[in-house]
Every structure is written in structure tokens, then in C-alpha cells.
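Just below is one structure, and these are the notes that go with it.
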Amino acid sequence: MHINYSIKKSIIVGIIFLSLLLPSNLTIGASVQKDDGDGIYIDTFQDALNVTLTHCIVSGGSILLKNETTSKIYDFANASDAEAYRYTTPIFFAFIPPRIHMGLETQFNTIEYSQIKRIDGDVVTSEATLFKKIVVHHFRFKISQDIESITQLDVSWHGKAENDRETAIYYWQPFGIFGRWQKGETNSSSGVSHGTIMDLNYSRSGDLFISNDNYIDICIVASPEIGKTCSLSTDYIKIVGHGLGYSSSGSAVSTFIDPQNLFLWESFTFEDYKQSGTSVMYHILDDQGDIIDDSILPGNEEGFSSSPVSLVSLPTSINKIKIMANLTSNDPSTTPKIYSWGVLWQTENNVWKDLFNSTLRVDEKENINIVNGNASIIPFYSDWSMFGQNPANTRSSDGTGPDNNNLYWYSLSTNEVGGGQRNPVVKDGKLYIASHDGKKIYIFNSTVEQGNEGSSNPAVDHIDLPSYTIINSPVVTDDYIIVATGNSSNGGEENKVYAFDKTTLVQVWEFEYNNPSDPNICYS
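Here the sequence shown is numbered in my numbering, starting from 20 and rising by one per residue.
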């Protein structure tokens, strides 16, 4: 068969039964499937035997950033949610909350914000007055890290004071809905009129000074020598949050992918999940382990973020390649995940073939099951992938219904399922139903082998739901299993929606709705 080589070969498999008995050299391991006859290489990361990792690990069938001791700097050069204020006062009141007092303070202007981004001697200066002799610079930072993961906070201030008896760091320590300003490190210019450059540093672990809405408030307070008027100048301030969290960057590199017979490099494909603030960029490396130039593979130097990627432009003189992925995260509490990657190639001159040892070349299928080189009809005319059959809730499906009452299969008592509104749904040859206690989604093969009719059909897999219970039916799409939590007289928690990858069963996103004025969301 002659072909037009392109990034994707669209195959729409209709109502057919296909079994291809073409020669194949299939190698299957715990993680990697390589078939030189079919021209495929797939790694699903059940282990790390075929990948080299830097600041990454393989866990639960995915590559993710490694959990390490991390640090994040908050200052006015990097933090987008940071504020600075100044004021003078006759007394520094220890019990007035910062949010209440901010209305009496003067916020730094744009020029002044730029002056405190780095240590450069360009300072913001405030002077005391006759009746308000204490000078205060108030700094407020929103913490973006997972608060539970932070084990220590470091505060560093660089500046100077003139005619001060004492200059001190104060931090707002919340106590429930109350709190107070606590003193940290102190220093002094020794009352000299020209001022002395000083550094104030304070570290704390244990009971950290972070408010319930994730803010840290710091005041630098300059108190005057008796009979003198003092001033306070800030050059730079930063807070460093230390704790356990995901590395900010890491990489994963495959072993060499070296086809035995190579006529054409076809495509590179991957499946990943990128939360907000994370990224994964993929590159193809040549037979020397170097990134292939854009002149050969356009876009490769910057990297690819969408799958699939055409490799048709690669010459076959590059007879083996590697995959490299660079993972990044700007938040220690989140990491991107790579679930699988693969490479396709054609093995014969002017012949395009697919032995169906994977579904990587199949763009679309309906009522077809593809397993181990066989494409076979699923003995259902259509799926029933949500409660009510479809978004219109027609509760009907095309086709002929059962013509007898013979038992087809039943679940085991060890898999207690259903009850209430927990009804089964069917998609692509699998039946999905919530457990009786609403804490799992059980997955069954919807059909049994001929001769096993009327017998038990044990669950082939399940999903553990994170902390919450469901009282309804899941929805299954081409890619995801979606469940929504709810409450009833038996408990539960409403307004959370979870999506799990249909292949790996790994959670890929969640949604939480919380609007007191309109507390309910509706879902099928």
C-alpha cells in the first residue's frame, strides 16, 4: 500500500473484526513495549529501568519531580503579591492587627518599590516627626508554597537608621483570630547622625508566623535616641521559606530507541498532566545524545509541549534517538506528571502498516476493542457512559434489547457496589460503578468470554477516591473518569469534582466549588 507520509495517519475503525497475522518482533517488559515489526516503542513508567532521571522519580506509573528540601525566596523582585507601607507613630502598638492598621499607613509608590528590589544602596527613607518619633516600614508577602510543607522561615533586612536607639524586626504572630507583634533581632546605629548600614536577620521554625490567608507581615521599627529625631532607610528585604516540596526543575532521558528496520521515522507521542505553574518540554536527541537542530526537526531546540510530534523530517541516517523531557514547577507543592511516551516508525519502503500492537496510530474508534494485535467488535451497539445515557438524559439507546432473562454475569460479594443513585455506566468495553460505601470506583470487563456466561465476573481494577465519598454515577469520556462528590443523610461532602486518567487511573485534576451565596452545583 502506498501512502502519503504525514504527522498523523487517521484510521477510523468501524464495525469490523480484524486480526492481522503479520510478522512481529515484540518485546514486552514491565514498563517498555518495543515491537520492531510494528515499529513502536512505548514506555508507561511502571519502573525506571529505561530512563535516566535528574531530580525526578518514577512513582505510580508516572515521572514526577522529586520531593526534596526546597527553598523559595519572597522579595520585591520576584513576588507578585507583596506590599510595602510606612508610617510614624508615638507608640508601636503590639496588638493591632496589620490588616486593620494598613488603612492608616502610606503605601510605597512605584519608584520606591523599585528601590527595594535588590541590595544596591538605593534606599527608601522615612523620617520621624516631632510628635511621632517612631518610624515603621511594614512589609507584607503572600506565601504561595504549601503552608503545611514549610518547616522554617528566614527574614533578612538590609538598610540603615539614623539617631536610633534600637532598630528591630517585628513579625505578626497569629493566635487563632488574634495575634501580636513579636520582636526578632535588633540592632542600632549607636545614635550617630550619619547612619550605619546594618543587617537584621531572624529565623524561626515550629510555630510559624503565617496567617490563615497565607500572609506574612514584617515591620522594621526604628526607635529614637532620647532627644533626637530618627530616620529609617530600607534597601532590601526578603523572606525565605524552607521545607519539603517538589524540586523546581528536573529531567528525564530515555534509553536509545534503535529500530532494527527503519525506513521512516513517523512520530513521537506522549501523555502528561501539567498543573498551573508547571511545564514539561520534550526534545529529541540524536545518536550522539545531543539535541537535534531546528534545521532538521523544527521546534526541537525550544521543545515540544503538544502531542503528537511529527518525526518525518528526521533522516534515517540518524538511526537511533533518545527522548528528553525537562520538567519545571514554580510551586514546591505541585509537579507535572508524565504518564507515557512513545515513538513510531515505518519498517518497509513505500508501505504503511499497523499491526495493532498499540493504539498509537488509531485516531478514532467506535465499538472496537484493540488488544494484542486484534481489532474486534465490542458486543454492544453503543456505550452508556453517563447517567441517563447522554447529556439530554434520554435514557435510551439505539439497538435491540435483551430477548431473554438469562443471567450474563454477576459481581463478587467482595466487590460491594451500587446502592442509592450509584448506577453503572459502560464505556469501551468496561463497566464502572461506585462501591456501596462510595469510597471506590470499581471497574469490570463488560463482557465475559464465551462459555463463562452466568458466572462471576471479578473487578479488574478500582480507583480509591481521595478522602470523599460519591453517592451518584461516574461519567466516562474518551480520556477521563469523572466523579462528583455529594452529601446525603449518610454524610459526604458536596461540590468537589475529580477526573482520573482512564488508562492509568491516576488523578489528573480536581475542581472545588465554594460560593456561599449560591452553594449548589448541578451535575448528571
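For every residue, glycine included, the Cβ atom is placed at its ideal position computed from N, Cα and C.
It should be emphasised that the depicted structure is a prediction, and the values quoted were computed from it without experimental measurement.
How far does the beta strand (DSSP E) with residue i in it reach, from first residue to last?
{"i": "Ile-239", "result": "234-243"}
{"i": "Tyr-427", "result": "It is not in any beta strand (DSSP E) - Tyr-427 carries neither H nor E in the DSSP assignment."}
{"i": "Gly-203", "result": "197-206"}
{"i": "Arg-159", "result": "153-161"}
{"i": "Phe-194", "result": "183-194"}
{"i": "Ile-82", "result": "81-84"}
{"i": "Ala-518", "result": "515-520"}
{"i": "Asn-369", "result": "Counting along the chain, Asn-369 falls outside any beta strand (DSSP E), and DSSP gives it neither H nor E."}
{"i": "His-481", "result": "480-483"}
{"i": "Phe-530", "result": "526-531"}
{"i": "Asn-464", "result": "459-464"}
{"i": "Ala-453", "result": "449-453"}
{"i": "Gln-52", "result": "51-54"}
{"i": "Val-381", "result": "First-last for Val-381: undefined, no H or E at that position."}
{"i": "Ile-10", "result": "Here the chain has residues from 20 to 543 only, and residue 10 is not among them."}
Between the C-alpha atoms of residue i and residue j, what's the straight-line distance to the nearest angstrom?
{"i": "Ser-377", "j": "Asp-520", "result": "18 Å"}
{"i": "Val-51", "j": "Val-77", "result": "14 Å"}
{"i": "Ser-348", "j": "Thr-108", "result": "42 Å"}
{"i": "Gly-308", "j": "Ile-166", "result": "40 Å"}
{"i": "Asp-226", "j": "Ser-168", "result": "13 Å"}
{"i": "Pro-485", "j": "Leu-84", "result": "21 Å"}
{"i": "Tyr-7", "j": "His-261", "result": "Because residue 7 is not part of the residues shown, which for the chain are 20 to 543, the question remains open."}
{"i": "Asn-280", "j": "Ser-336", "result": "12 Å"}
{"i": "Gln-201", "j": "Asp-173", "result": "15 Å"}
{"i": "Ala-96", "j": "Thr-253", "result": "14 Å"}
{"i": "Pro-477", "j": "Ile-258", "result": "55 Å"}
{"i": "Val-143", "j": "Ser-267", "result": "33 Å"}
{"i": "Arg-441", "j": "Trp-364", "result": "45 Å"}
{"i": "Gly-437", "j": "Pro-410", "result": "22 Å"}
{"i": "Ser-465", "j": "Ile-387", "result": "13 Å"}
{"i": "Phe-530", "j": "Lys-515", "result": "6 Å"}
{"i": "Met-343", "j": "Gly-392", "result": "29 Å"}
{"i": "Phe-323", "j": "Phe-287", "result": "10 Å"}
{"i": "Thr-354", "j": "Thr-73", "result": "14 Å"}
{"i": "Gly-140", "j": "Val-362", "result": "55 Å"}
{"i": "Glu-204", "j": "Leu-346", "result": "39 Å"}
{"i": "Ile-229", "j": "Arg-159", "result": "11 Å"}
{"i": "Ser-25", "j": "Ser-326", "result": "For Ser-25, the predicted structure reports a pLDDT of 39, less than 50, and the residue's modelled location is therefore unreliable. The matter cannot be settled from this model."}
{"i": "Pro-421", "j": "Asp-447", "result": "20 Å"}
{"i": "Glu-435", "j": "Asp-498", "result": "26 Å"}
{"i": "Gly-33", "j": "Gln-408", "result": "Confidence at Gly-33 is low in this model, with a pLDDT of 38, below 50, so the placement of that residue should be treated as unreliable; the coordinate-derived value is given next. Taking the straight line joining both Cα atoms gives about 21 Å."}
In the DSSP assignment, the alpha helix (DSSP H) including residue i goes from what residue to what residue?
{"i": "Tyr-336", "result": "Before going on, a small fix: residue 336 reads as Ser here, not Tyr. Where Ser-336 is concerned, there is no enclosing alpha helix (DSSP H), given that its DSSP letter is neither H nor E."}
{"i": "His-120", "result": "117-120"}
{"i": "Ser-133", "result": "129-134"}
Can you say whether residue i is buried or exposed, counting buried as having 16 or more other CB atoms within 10 angstroms of its CB?
{"i": "Pro-42", "result": "Confidence at Pro-42 is low in this model, with a pLDDT of 43, below 50, so its placement is unreliable and no value can be given for it."}
{"i": "Lys-565", "result": "Shown here, the chain extends from 20 to 543; a query on residue 565 therefore has no answer."}
{"i": "Ile-130", "result": "exposed"}
{"i": "Gly-198", "result": "buried"}
{"i": "Glu-383", "result": "exposed"}
{"i": "Lys-151", "result": "exposed"}
{"i": "Glu-285", "result": "buried"}
{"i": "Glu-244", "result": "buried"}
{"i": "Ser-224", "result": "exposed"}
{"i": "Lys-27", "result": "Its pLDDT being 38, under 50, Lys-27 is placed unreliably in this model, and the coordinates cannot settle the point."}
{"i": "Ile-452", "result": "buried"}
{"i": "Ser-380", "result": "It should be pointed out that residue 380 corresponds to Arg in this sequence rather than to Ser. Buried is the call here."}
{"i": "Asp-57", "result": "buried"}
{"i": "Phe-127", "result": "buried"}
{"i": "Arg-414", "result": "exposed"}
{"i": "Ser-145", "result": "buried"}
{"i": "Tyr-427", "result": "exposed"}
{"i": "Pro-583", "result": "Shown here, the chain extends from 20 to 543; a query on residue 583 therefore has no answer."}
Who are residue i's beta bridge partners in DSSP?
{"i": "Tyr-557", "result": "Outside the shown range of the chain (20 to 543) lies residue 557, about which nothing can therefore be said."}
{"i": "Leu-172", "result": "Arg-223, Gly-260"}
{"i": "Ala-344", "result": "Ala-271, Tyr-301"}
{"i": "Ile-76", "result": "Leu-83"}
{"i": "Asp-218", "result": "His-177"}
{"i": "Thr-108", "result": "Ile-153"}
{"i": "Leu-251", "result": "Ser-145, Ala-180"}
{"i": "Ser-90", "result": "His-261"}
{"i": "Phe-323", "result": "Tyr-301"}
{"i": "Thr-504", "result": "BP columns for Thr-504 are empty, so no partner."}
{"i": "Gln-126", "result": "Tyr-104"}
{"i": "Phe-114", "result": "Answer by DSSP bridge pairing: none, since Phe-114 is not bridged."}
{"i": "Ile-138", "result": "Answer is none; Ile-138 lacks a bridge partner."}
*asked:* Pairs of beta-carbons, one from the stretch 315-329 and one from the stretch 403-415, closer than 8 Å: are there three or more?
replied: no
*Stretch-stretch touch, CB-based, cutoff 8 Å, three pairs: the stretch 103-119 with the stretch 297-312*: no
_Inter-stretch contact (C-beta, 8 Å, three-pair minimum) for the stretch 93-107 and the stretch 292-305_ = no
*asked:* Three Cβ pairs or more, each shorter than 8 Å: is that satisfied between the stretch 180-189 and the stretch 233-241?
replied: The stretch 180-189 is in contact with the stretch 233-241.
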